[in-house]
Amino acid sequence: MSGVLVFTEVKDGKLKKASREALSIGRQLAEAAGGDLVAFASDAAAAEEAGRYGAKKVYVAAIPAYTTEAYTAALTQVVNDVQPSVVLFAGTSNGRDLAPRVAARANVGVASDVDRLEWLNGKLRARRPVYAGRAFATVEVTSTPAIATTRPNAFPAEEAGGGAAEVVNVSADATDRVKVVETKVPEAGELSVAEADIIVSGGRGLKEAANFSYIRDLAHAIGGAVGASRATVDAGWIDHQHQVGQTGRVVSPNLYIAAGVSGAIQHLAGMSSSKHIVAINKDPEAPIFRVADLGVVGDLFQILPVLTEEVKKAKAH
Amino acid sequence: MNSVVCISHVPDTESRIKVSGNKIDETGLKFIVSPYDEFALEEAIRLKEKSGGDVTVLTFGPDRAQQGLREALARGATKALHVKGEVSDADSLGIAKVLAAAIKSIPHDVVFLGKQGVGTDNGLVGPMVAELLGYPQVNVITHLEIGDGKLVAHREIEGAEEVLETSTPAIVTAQKGLNEPRYASLKGIMAAKKIAIDVKSIADLGLDESDVLQQRVVVVAMEMPAEKSGGRKVDGSDPNAAAQAILKYIKEEAKAL
Numbered sequence: 360m361s362g363v364l365v366f367t368e369v370k371d372g373k374l375k376k377a378s379r380e381a382l383s384i385g386r387q388l389a390e391a392a393g394g395d396l397v398a399f400a401s402d403a404a405a406a407e408e409a410g411r412y413g414a415k416k417v418y419v420a421a422i423p424a425y426t427t428e429a430y431t432a433a434l435t436q437v438v439n440d441v442q443p444s445v446v447l448f449a450g451t452s453n454g455r456d457l458a459p460r461v462a463a464r465a466n467v468g469v470a471s472d473v474d475r476l477e478w479l480n481g482k483l484r485a486r487r488p489v490y491a492g493r494a495f496a497t498v499e500v501t502s503t504p505a506i507a508t509t510r511p512n513a514f515p516a517e518e519a520g521g522g523a524a525e526v527v528n529v530s531a532d533a534t535d536r537v538k539v540v541e542t543k544v545p546e547a548g549e550l551s552v553a554e555a556d557i558i559v560s561g562g563r564g565l566k567e568a569a570n571f572s573y574i575r576d577l578a579h580a581i582g583g584a585v586g587a588s589r590a591t592v593d594a595g596w597i598d599h600q601h602q603v604g605q606t607g608r609v610v611s612p613n614l615y616i617a618a619g620v621s622g623a624i625q626h627l628a629g630m631s632s633s634k635h636i637v638a639i640n641k642d643p644e645a646p647i648f649r650v651a652d653l654g655v656v657g658d659l660f661q662i663l664p665v666l667t668e669e670v671k672k673a674k675a676h
Numbered sequence: 005m006n007s008v009v010c011i012s013h014v015p016d017t018e019s020r021i022k023v024s025g026n027k028i029d030e031t032g033l034k035f036i037v038s039p040y041d042e043f044a045l046e047e048a049i050r051l052k053e054k055s056g057g058d059v060t061v062l063t064f065g066p067d068r069a070q071q072g073l074r075e076a077l078a079r080g081a082t083k084a085l086h087v088k089g090e091v092s093d094a095d096s097l098g099i100a101k102v103l104a105a106a107i108k109s110i111p112h113d114v115v116f117l118g119k120q121g122v123g124t125d126n127g128l129v130g131p132m133v134a135e136l137l138g139y140p141q142v143n144v145i146t147h148l149e150i151g152d153g154k155l156v157a158h159r160e161i162e163g164a165e166e167v168l169e170t171s172t173p174a175i176v177t178a179q180k181g182l183n184e185p186r187y188a189s190l191k192g193i194m195a196a197k198k199i200a201i202d203v204k205s206i207a208d209l210g211l212d213e214s215d216v217l218q219q220r221v222v223v224v225a226m227e228m229p230a231e232k233s234g235g236r237k238v239d240g241s242d243p244n245a246a247a248q249a250i251l252k253y254i255k256e257e258a259k260a261l
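Here the protein sequences line up with chains A and B, keeping their order.
Position in the first sequence counted from 1, then plus 359, gives you our numbering.
Position in the second sequence counted from 1, then plus 4, gives you our numbering.
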């Protein structure tokens, strides 16, 4: 029983950012707990990159599209072979879908959506936000292997400079009772708030659905995702996938720009762990200013178009 | 078509959360049916209205959790089972073991849950129940069609949506957007009062209480986040100056350009 196994995902031949983050914290845990860092992937293309992040081996199951049961079977097989002390999943849609199923099969627990991890006295210790970030629970995982899912953007992705990881093929049974019939991508190139480094969010101050164009224009210019307050989602101005807050996504991007968002308690809980927060609001008393690093009291309809043009100019240089 | 809906009873999302020891201080908190469970319940009631059958609401929790079952019955669920226990003493796998055992005692074609309990925000119980029952799972669902032993579901993933197809019985976890939950009608509230809630203990389900309540993930500390003091506030009445101030911040402090 030693080492750390990380479930990784490959997109367009590259490791997802959240997977690189999980590998990075996984390497630190392996150093503390003893044993190697190894990875699981569905594509041997991950081997070189995973090696750079410190993985010694990559277990590759040739199952093309993610489905829960096929991946549970393949990953369980690797867990049984490797006998790791810790198994990490990046908290992507697939990671969150798979971790509990694998854990239940192994009769172990999961520390879910964690933003800190350490190896302490032979146990995995994690910090996780609860009540959408209004409190933090520190948990100790007592079952083995200790399983955790990591919150995207909470851990820095840092290369360790290793050579390509050794590829170990896993003979996997790809049958699954659930079939992916189709994948619908609504708007080409649209980023998800769950993983984005930059989020531009709009609130009720936008006044109507069409004015989300002010938010979209800046988001596209700066290369960020479009976020939204619950009020705008409930009003039907924008799809709930964009909602940030307690009944939406809890996010921690590098930069969060909130325009016309007053800052209801459940919205603040969902974004206040962002590293840099800019708020634009007409009301100087808006609660959003309590968490903003830079608060601008002004009219978003006048400020955002100028800012969007300035960002475009800065990007062009 | 019979369905089971698992619901949890959680502090209202607008609550001010206070910490007491390793737990949330429940004094004075208003409890509600977890918002994602409301989407699960609504979907099951619509299914019943379309194809008949029973909707059994199931909860694991202390006595106050019966209010959540009453609320669900008032909205249109037809039966209710309360497994009594201090749910905060169990971890997600323990809860899943209780729910899976209870579900086995109820006739069903499909089992609904919210994608996560609001508050604890783990998002683990649905897939764990699926594994314990040996069922296929469709997780974080925004659209559903069920008929003739077949189930088609739209699953939300990062920036896209997957259309999944599977057979029943299956586990469905509900995401916001699946439907618009209804309010209870006065007639529903009156009718619900006549329905007896079935009450069982963990032992009644044939489970070993020490296994169910054996925490594999133990909360060792609970704390409030550090209060943010708020940063600079500037006057934005000149849009050009405001945009320049933001641009400077984005470049120099966030280093995002």
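Even glycine gets a Cβ: it sits at the ideal position worked out from N, Cα and C.
Closer than 8 Å to chain A by CB, residue i
i	result
residue 181/B	yes
residue 24/B	no
residue 89/B	no
residue 28/B	yes
residue 123/B	yes
residue 126/B	yes
residue 5/B	no
residue 140/B	yes
residue 53/B	no
Contacts that residue i makes with chain B (C-beta to C-beta distance below 7 Å)
i	result
residue 502/A	220
residue 637/A	250, 253
Interface residues of chain A facing residue i [CB-CB closer than 8 Å]
i	result
residue 160/B	452, 600
residue 95/B	468
residue 70/B	Chain A residues near residue 70/B: none, gap ~23 Å exceeds 8 Å.
residue 173/B	Near residue 173/B there are no residues of chain A at all, since even the closest Cβ is about 11 Å away, more than 8 Å.
Cβ of residue i within 8 Å of any chain B Cβ
i	result
residue 442/A	no
residue 526/A	no
residue 566/A	no
residue 388/A	no
residue 534/A	no
residue 608/A	no
residue 412/A	no
residue 576/A	no
residue 490/A	yes
residue 436/A	no
Where the alpha helix (DSSP H) containing residue i begins and where it ends
i	result
residue 79/B	70–79
residue 593/A	589–593
residue 624/A	624–630
residue 6/B	It is not in any alpha helix (DSSP H) - residue 6/B carries neither H nor E in the DSSP assignment.
residue 112/B	Careful: residue 112/B lies outside any alpha helix (DSSP H) and carries neither H nor E.
Chain B contact residues for residue i, given Cβ-Cβ distances below 8 Å
i	result
residue 549/A	163
Contacts that residue i makes with chain A (C-beta to C-beta distance below 9 Å)
i	result
residue 236/B	651, 652, 653, 654
residue 144/B	452, 455, 456
Listed by chain order, chain B residues near residue i by CB distance under 9 Å
i	result
residue 657/A	238, 239, 240, 241, 242, 243, 246
8 Å contact criterion, which residue i and residue j should meet: CB distance rounded
i	j	result
residue 72/B	residue 11/B	5 Å
residue 646/A	residue 627/A	7 Å
residue 516/A	residue 380/A	5 Å
residue 678/A	residue 488/A	Because chain A in this structure spans residues 360 to 676, residue 678/A falls outside the shown range and cannot be described.
residue 623/A	residue 589/A	7 Å
residue 483/A	residue 461/A	That pair is no contact at about 16 Å.
Extent of the continuous beta strand (DSSP E) to which residue i belongs
i	result
residue 244/B	Careful: residue 244/B lies outside any beta strand (DSSP E), inside the alpha helix (DSSP H) at 243–256.
residue 360/A	Residue 360/A -> no beta strand (DSSP E), and no H or E assigned at all.
residue 205/B	202–205
residue 396/A	396–400
residue 615/A	614–618
residue 486/A	482–489
residue 143/B	141–151
residue 514/A	Counting along the chain, residue 514/A falls outside any beta strand (DSSP E), and DSSP gives it neither H nor E.
residue 560/A	557–561
Cross-chain neighbours of residue i in chain A, by beta carbon under 7 Å
i	result
residue 185/B	Under the 7 Å cutoff, chain A gives no residues; its nearest Cβ is about 12 Å from residue 185/B.
Q. At a cut of 8 Å, does the stretch 40–53 of chain B reach the stretch 152–166 of chain B through at least three beta carbon pairs?
A. no
(Q) Across the stretch 649–657 of chain A and the stretch 29–36 of chain B, are there enough close Cβ pairs to call them in contact, namely three or more that are closer than 8 Å? (A) no
Q) So does the stretch 526–540 of chain A actually touch the stretch 576–593 of chain A, counting three or more Cβ pairs closer than 8 Å? A) no
Q) Are the stretch 488–508 of chain A and the stretch 470–477 of chain A in contact at 8 Å, needing three or more beta carbon pairs? A) yes
Q) Is the stretch 475–485 of chain A close to the stretch 382–392 of chain A, with three or more CB pairs under 8 Å? A) yes
Q. Per the contact definition of three or more C-beta pairs closer than 8 Å, is the stretch 616–625 of chain A in contact with the stretch 195–207 of chain B?
A. no
**Q.** Touch test, the stretch 129–145 of chain B against the stretch 446–460 of chain A, Cβ-Cβ under 8 Å, three pairs minimum
**A.** yes
Q. So does the stretch 14–28 of chain B actually touch the stretch 94–114 of chain B, counting three or more Cβ pairs closer than 8 Å?
A. no
Q. Okay, do the stretch 361–368 of chain A and the stretch 435–451 of chain A touch, 3+ Cβ pairs below 8 Å being the bar?
A. yes
Q: Specify whether the stretch 519–532 of chain A and the stretch 415–430 of chain A touch according to this definition: at least 3 beta carbon pairs, one from each stretch, less than 8 Å apart.
A: yes
Q) At a cut of 8 Å, does the stretch 559–568 of chain A reach the stretch 591–605 of chain A through at least three beta carbon pairs? A) yes
Q: Spell out a yes or no on whether the stretch 82–91 of chain B and the stretch 55–73 of chain B are touching, meaning 3 or more CB-CB pairs, one atom from each, closer than 8 Å.
A: yes
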